[in-house]
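Student: Have a look at the structure that comes next, please.
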Amino acid sequence: MRSAALSALGTALFFAAALPTCDDARLGRPGDATDGPLVVGASDGAVAAVADATLDDRDLARADGDQVDVATDADSAADHQPTADSGGADSGTGGGTGRVRADQFSGTLDKAAFRSPRTTWASALASAGGVIAAVNPDSDTVTVLDEATLEGAVEIGVGDDPRTIAITDDAHYAVVVNRADATVSVVDLREGRELFYFAVGPMPYGVVLVGDRAYVTEMARGDLAVLDLATRTIPARIPIGDSPAGIGACLAPRCALPSGDSLLVTHFYSGVLTIVDRARLTITGTVSTGADTNLSQLVALAPDGTRAYLPQTRFNADNPNRQFDTTVFPVVNVVQLVPAQLVNAARITLDTADRPVAMPFAVDLSNDGHTLWVANAASDDLSVVDLTTQLKTAHIEVGANPRAILLSPDGRRAYVNETLDGTLAVIDTATFLITARATLTRLPLDAQTLTGKRIFHSANRADLAKDQWMACATCHFDGSTDRRTWLSFPDGPRNTTALFNLEDTLPLHWSGDLNEVADVEATVRFIQAGTGLSRVAQIDTLGPPLAGSSADLDALSHFIRAIPAPRSPLVPDAATIARGQAAFNSLGCAACHAGPHYTDRKSHDVGTGNAAVERNGHGRGTSFDTPSLRALWLTPPYLHDGSATTLDEVFRRGNVHDVHAKISTPTRADLTSFLLSL
Numbered sequence: 259m260r261s262a263a264l265s266a267l268g269t270a271l272f273f274a275a276a277l278p279t280c281d282d283a284r285l286g287r288p289g290d291a292t293d294g295p296l297v298v299g300a301s302d303g304a305v306a307a308v309a310d311a312t313l314d315d316r317d318l319a320r321a322d323g324d325q326v327d328v329a330t331d332a333d334s335a336a337d338h339q340p341t342a343d344s345g346g347a348d349s350g351t352g353g354g355t356g357r358v359r360a361d362q363f364s365g366t367l368d369k370a371a372f373r374s375p376r377t378t379w380a381s382a383l384a385s386a387g388g389v390i391a392a393v394n395p396d397s398d399t400v401t402v403l404d405e406a407t408l409e410g411a412v413e414i415g416v417g418d419d420p421r422t423i424a425i426t427d428d429a430h431y432a433v434v435v436n437r438a439d440a441t442v443s444v445v446d447l448r449e450g451r452e453l454f455y456f457a458v459g460p461m462p463y464g465v466v467l468v469g470d471r472a473y474v475t476e477m478a479r480g481d482l483a484v485l486d487l488a489t490r491t492i493p494a495r496i497p498i499g500d501s502p503a504g505i506g507a508c509l510a511p512r513c514a515l516p517s518g519d520s521l522l523v524t525h526f527y528s529g530v531l532t533i534v535d536r537a538r539l540t541i542t543g544t545v546s547t548g549a550d551t552n553l554s555q556l557v558a559l560a561p562d563g564t565r566a567y568l569p570q571t572r573f574n575a576d577n578p579n580r581q582f583d584t585t586v587f588p589v590v591n592v593v594q595l596v597p598a599q600l601v602n603a604a605r606i607t608l609d610t611a612d613r614p615v616a617m618p619f620a621v622d623l624s625n626d627g628h629t630l631w632v633a634n635a636a637s638d639d640l641s642v643v644d645l646t647t648q649l650k651t652a653h654i655e656v657g658a659n660p661r662a663i664l665l666s667p668d669g670r671r672a673y674v675n676e677t678l679d680g681t682l683a684v685i686d687t688a689t690f691l692i693t694a695r696a697t698l699t700r701l702p703l704d705a706q707t708l709t710g711k712r713i714f715h716s717a718n719r720a721d722l723a724k725d726q727w728m729a730c731a732t733c734h735f736d737g738s739t740d741r742r743t744w745l746s747f748p749d750g751p752r753n754t755t756a757l758f759n760l761e762d763t764l765p766l767h768w769s770g771d772l773n774e775v776a777d778v779e780a781t782v783r784f785i786q787a788g789t790g791l792s793r794v795a796q797i798d799t800l801g802p803p804l805a806g807s808s809a810d811l812d813a814l815s816h817f818i819r820a821i822p823a824p825r826s827p828l829v830p831d832a833a834t835i836a837r838g839q840a841a842f843n844s845l846g847c848a849a850c851h852a853g854p855h856y857t858d859r860k861s862h863d864v865g866t867g868n869a870a871v872e873r874n875g876h877g878r879g880t881s882f883d884t885p886s887l888r889a890l891w892l893t894p895p896y897l898h899d900g901s902a903t904t905l906d907e908v909f910r911r912g913n914v915h916d917v918h919a920k921i922s923t924p925t926r927a928d929l930t931s932f933l934l935s936l
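Following my numbering, the numbering of the sequence shown begins with 259 at its first residue and continues without gaps.
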């Protein structure tokens with residue numbers, strides 16, 4: 259039988275059976291709940307077509323005040339089209355050919371759907387109108403199902419690597435951010451298909467929907483983009499600061515900010531929270547949660563609109579002690595909105611409030627604002643915290659890589675997106691027991707890749723980490739870098755490197771002391787303090803190969819080897835590229851930075867090391883492995899010790915890179931543009 263909520267999703271969709279319930283703390287293994295949802299590809303012809311008509315933006319209710327064109331981007335779509343090599347339409351379960359760009363769409367949107375804006379924030383789960391919608395990053399889909407019964411799961415193809423979703427109050431439309439192909443999908447949940455997509459700046463992350471406008475953080479560009487669903491344009495884009503990620507909409511009457519409707523934006527690497535006046539699109543304030551905070555990709559709002567909650571990880575990179583439990587710390591920082599300031603006394607230190615957990619990723623609050631629910635993505639669990647006492651109310655083990663937590667409107671159930679199981683866990687908030695689990699997607703990864711990806715993102719095993727303290731993904735989120743220089747590393751100060759194209763850039767580490775990807779076993783044992791994946795008792799990272807000594811280590815290596823370098827968002831004109839590349843060659847840079855990945859895979863002394871602090875055990879001294887120059891735009895600071903925050907500073911360091919005085923200012927600019935385009 260169809261529920262009332264899903265009846266509204268349209269007669270073109272089929273419905274699955276309801277899930278059973280039980281009183282166990284865990285209901286079987288995630289992924290075994292159902293046969294899976296009905297899968298509908300983007301622009302799939304199996305559902306009813308949207309009638310051709312013209313969108314009339316004059317009839318759409320606007321709740322955003324005066325339009326402000328801070329930076330027009332009429333050519334944005336042309337500049338950032340998804341292409342075949344970026345995934346998108348042809349990857350995963352979703353996508354499909356024939357996706358429709360926003361400027362090509364000629365259908366009609368329901369004007370009434372956009373008339374009830376509400377305080378919300380970007381997440382991998384959303385609910386409204388009696389349904390739940392979840393993103394499935396590996397499948398390139400979103401799944402919608404009935405909130406009360408978990409019936410009728412329908413999987414809808416979107417773009418490549420969907421990360422966050424927002425839906426209208428009547429559950430008619432969803433807006434989905436697709437990180438890998440730099441698109442934002444507009445989905446008709448009743449028709450069960452993507453209607454059209456916006457092409458946005460590279461690496462978009464968070465989205466909130468207010469009226470008929472979607473606000474999207476563009477992580478690689480450092481911008482906040484405004485998407486007008488009525489006109490299908492991007493009328494405004496404002497610089498917001500480095501690596502914007504999470505976003506929340508604080509709306510009257512449930513917003514304490516004097517400016518009224520505001521947007522709150524997190525910055526992934528810095529922990530800064532930026533406050534934006536939504537009507538004027540001006541920055542009205544910033545709050546630092548501490549220079550040591552990182553992985554800041556979500557902001558949630560208290561029910562009364564007075565405080566913001568940010569799940570983060572503190573990085574103790576300046577600590578010379580290499581003890582595993584002095585490296586990173588899971589926290590939820592609390593920001594008071596009026597006046598805008600960090601409330602140190604309200605900070606939740608999760609390892610003391612609950613137990614050691616890893617990578618707090620998402621939060622939600624009870625309706626009375628007294629209880630905080632935290633999804634810890636690396637330790638695969640939830641921390642339920644009493645905000646009055648700042649102590650644990652409950653600790654709940656869930657499935658792999660929980661990236662979203664959402665409480666039902668009545669507060670009786672909590673929903674968890676178990677991303678690397680493709681399942682939705684349902685928890686009774688009175689008993690703290692998992693009562694049901696629904697399949698969101700069948701993950702389209704081969705067995706070895708899926709195993710490796712789960713291991714990479716997990717701290718929930720003793721062989722991976724002691725006291726589930728940290729995962730590979732803690733310092734290498736999405737395979738990138740944490741942008742920190744660690745003083746506690748055994749070889750000396752070390753700037754964290756990205757994991758892109760590792761198979762083609764061996765050896766690994768600045769000291770070049772890992773000659774195969776499987777040597778990451780050393781990191782598992784000596785940094786994460788796990789017992790190790792390999793059966794080899796004593797490992798020598800320049801000795802006999804570890805590949806083949808453990809199926810799990812082979813799976814982890816297989817996953818890491820496949821992490822590609824993302825394409826640069828900085829695309830200078832051809833003349834600038836040519837001049838910059840000519841300078842690169844004439845200065846002799848290509849002698850060491852050679853080949854398609856710009857590395858000769860050898861060690862050199864370039865005059866940037868300090869013999870007094872270099873203590874690597876393989877006799878390399880102050881010689882360092884030539885790093886690849888791919889994705890320099892994403893991975894500052896530079897050099898082995900992170901002493902250069904910009905490329906211009908690199909050009910002033912050592913006896914090899916110090917070319918600053920040898921070339922003119924315009925030539926340095928061309929060289930920098932060329933390098934940042936790689």
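Positions of the beta carbon are idealized from the N, C-alpha and C atoms, including for glycine.
1) Can you give me the C-alpha to C-alpha distance between residue 835 and residue 766, rounded to a whole angstrom?
2) Does the count of Cβ pairs from the stretch 565-576 and the stretch 619-632 closer than 8 Å reach three?
3) Using three-state DSSP, classify residue 717 as helix, strand or coil.
4) Can you tell me whether DSSP reads residue 860 as helix, strand or coil?
5) Output the boundary residues of the beta strand (DSSP E) element that contains residue 653.
6) For the structure I just gave you, are there three or more beta carbon pairs, one from the stretch 476-492 and one from the stretch 454-462, closer than 8 Å?
7) Starting from residue 815, trace the alpha helix (DSSP H) both ways and give me its first and last residue.
8) Curious, which full-length alpha helix (DSSP H) runs of at least 4 residues does the stretch 824-881 contain?
9) Are residue 674 and residue 688 close, meaning C-beta to C-beta below 7 Å?
10) If I measure Cβ to Cβ from residue 320 and keep anything under 6 Å in the same chain, skipping five residues before and after, which residues do I get?
11) Cα separation between residue 374 and residue 669?
12) Does DSSP classify residue 468 as helix, strand or coil?
13) Among 634, 578, 563, which has the Cα closest to the Cα of residue 752?
14) Rank 726, 820, 515 by C-alpha distance to the C-alpha of residue 756 and give the top, closest one.
15) Measuring CA to CA, which of 726, 611, 901, 891 is closest to residue 826?
16) Can you grab the Cα-Cα spacing for the pair residue 302 / residue 400, in whole Å?
17) Apart from the five residues just before and just after residue 759, which ones in its own chain have a Cβ nearer than 6 Å to its Cβ?
18) Can you tell me where the alpha helix (DSSP H) holding residue 931 begins and where it ends?
19) Sorted by chain position, which residues of the same chain lie with C-beta nearer than 7 Å to residue 797's C-beta, five sequence neighbours on each side aside?
20) Would you decide whether residue 532 is buried or exposed? Buried here means 16 or more other CB atoms lie within 10 Å of its CB.
21) Measuring CB to CB, does residue 503 end up less than 7 Å from residue 524?
22) Please report the straight-line C-alpha distance between residue 921 and residue 501, rounded to a whole angstrom.
23) Within its chain, find whatever has a CB closer than 6 Å to the CB of residue 866; leave out the 5 residues flanking it on each side and keep chain order.
24) Going by C-alpha distance, which of 574, 515, 495 is nearest residue 539?
25) Measuring CB to CB, does residue 425 end up less than 7 Å from residue 384?
26) Using DSSP's beta-bridge definition, name the partner residues of residue 940.
27) Just grab the DSSP bridge partners of residue 384 for me.
28) With distances taken Cα to Cα, identify the nearest neighbour of residue 388 among 694, 634, 410.
29) Mind checking residue 800: buried by the 16 CB within 10 Å criterion, or exposed?
30) Taking just the CA atoms, how far does residue 861 sit from residue 483?
31) Identify every run of the beta strand (DSSP E) within the stretch 448-536, keeping only runs that are complete inside it and at least 3 residues long; order them along the chain.
32) Could you have a look at residue 697 and say whether DSSP puts it in helix, strand or coil?
33) Roughly how many whole angstroms lie between the Cα atoms of residue 736 and residue 677?
34) Would you kindly report the start and end of the unbroken alpha helix (DSSP H) that includes residue 402?
35) Within 10 angstroms of its Cβ, does residue 888 collect 16 or more other Cβ (buried), or is it exposed?
36) Would you tell me roughly how many angstroms separate the C-alpha atoms of residue 456 and residue 509, rounded to the nearest one?
Tutor: Working from what's here:
1) Rounded to the nearest whole angstrom, the CA to CA distance from residue 835 to residue 766 is 29 Å.
2) Yes: at least three Cβ pairs fall under 8 Å.
3) Residue 717 falls in the coil class under three-state DSSP.
4) In the structure shown, residue 860 sits in coil (DSSP, three-state: anything other than H, G, I, E or B).
5) Membership of residue 653 in the beta strand (DSSP E) is indicated by the continuous run 649-655.
6) As far as the Cβ criterion goes, the stretch 476-492 touches the stretch 454-462, which means the pair count is three or higher.
7) Per DSSP, residue 815 belongs to the alpha helix (DSSP H) from 809-819.
8) Complete alpha helix (DSSP H) runs here, min 4: 832-844.
9) For residue 674 and residue 688, no; Cβs fall outside 7 Å.
10) Unreliable positioning characterises residue 320 in this predicted model, as indicated by a pLDDT of 25, which lies under 50. A coordinate reading is not provided.
11) Distance between residue 374 and residue 669, taken at the CA atoms: about 21 Å.
12) Looking at residue 468 - three-state DSSP - the assignment turns out to be strand.
13) The option with the nearest alpha carbon to residue 752 is 578.
14) For the residues 726, 820, 515, the minimum Cα distance to residue 756 belongs to 820.
15) When each option's Cα is compared against that of residue 826, the closest is 891.
16) Note on residue 302: pLDDT 42, under 50, position unreliable in the model; the coordinate value appears next. Taking the straight line from one Cα to the other gives about 14 Å.
17) Closer than 6 Å at Cβ, skipping near neighbours: 823, 855.
18) That run of the alpha helix (DSSP H) goes 923-934.
19) In the same chain as residue 797, and ignoring 5 residues on each side of it, the C-beta atoms closer than 7 Å to its own belong to 779, 780, 804, in chain order.
20) So residue 532 ends up on the buried side.
21) For residue 503 and residue 524, yes; Cβs fall inside 7 Å.
22) One C-alpha to the other measures close to 31 Å.
23) So the qualifying residues of the chain are 897, 911, 912.
24) The shortest C-alpha separation from residue 539 is found at 495.
25) Against a cut-off of 7 Å, the Cβ pair of residue 384 and residue 425 comes out as a contact.
26) Beyond the ends of the chain as shown, which are 259 and 936, falls residue 940; an answer cannot be given.
27) Residue 384 has 391 as its beta-bridge partners, per DSSP.
28) Nearest to residue 388 by C-alpha distance, out of 694, 634, 410, is 410.
29) Burial call: exposed.
30) Those two C-alpha atoms are separated by around 43 Å.
31) Runs of the beta strand (DSSP E) lying entirely within the stretch 448-536, each at least 3 residues long, are 451-457, 462-468, 471-476, 481-486, 491-497, 502-508, 520-525, 530-535 in chain order.
32) In the structure shown, residue 697 sits in a strand (DSSP, three-state: E or B).
33) Each residue's Cα considered, the two are about 14 Å apart.
34) For residue 402, there is no enclosing alpha helix (DSSP H); the residue is found in the beta strand (DSSP E) stretching over 399-404.
35) Buried: at least 16 other Cβ atoms inside 10 Å.
36) Cα to Cα, residue 456 sits roughly 25 Å from residue 509.
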